[in-house]
Each structure stands twice: as structure tokens, then as C-alpha cells.
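FYI, the numbering for the sequence shown is 494 to 561, going by my numbering.
Yeah, the Cβ is synthetic: ideal placement off N, Cα and C, and Gly gets one too.
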Amino acid sequence: MPIYEYRCKRCKNGFEALVRSAREESLVECPHCEQGEIERVLSSFSVTSSGGTSSSGASCRPKPGGFR
Ligand SMILES: [Zn+2]
């Protein structure tokens, strides 16, 4: 499923949303302040989860969006 990571421009709240189409993306709003002023956060977690290459030394990097 295409789950994207977003961040609210107002309260800086990070959240994830399931978006199946571009039209559905326009309906995504912040669950905290219920505003549509959001921006998509480009993270690489979906790439690493589907790749299955865990032999690299980048295993100790923080979770995207979880540190702010
Ligand atoms: Zn918000």
C-alpha cells in the first residue's frame, strides 16, 4: 500500500497517510489540527523495507520523522 509520510506546516506534526490516488492526496489533512497545509516527507523507509538488503552498515540511522 502506498503509505506516505507527511508533515503539517502549522504544527510541525508528522504523520502517515494512506494515499491511493492523487485525488486522495489532496484530501489528506493533519490529524492534529485538521488543516490541509501539509507537505510530503520523502523518506526511504519504503525502499529499504521492500529491498531486503540488510547487509549494509546503515542500520543505526534514526527512523524518518521520528526525531522531530
Ligand atoms: Zn497540524
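Grouping DSSP H, G and I as helix and E and B as strand, with all else coil, what is residue 497?
-> In the three-state DSSP reduction, residue 497 falls in the strand class (E or B).
Can you tell me which of the three DSSP states residue 533 falls into?
-> Assigned with DSSP and collapsed to three states, residue 533 falls in strand.
Just how far apart, CA to CA, sit residue 509 and residue 533?
-> The alpha-carbon atoms of residue 509 and residue 533 are separated by roughly 9 Å.
Can you name the start and end residues of the beta strand (DSSP E) that residue 509 belongs to?
-> Residues 507-511.
Given a threshold of 16 other Cβ atoms within 10 Å of its Cβ, counted over all protein chains shown, does residue 507 qualify as buried or as exposed?
-> By the beta-carbon neighbour count (other beta carbons within 10 angstroms, threshold 16), residue 507 is buried.
Close Cβ partners of residue 496 (< 8 Å) along its chain, the five nearest in sequence each way excluded | Closer than 8 Å at the Cβ level, and outside the excluded window around residue 496, lie 509, 510, 511, 512 and 539.
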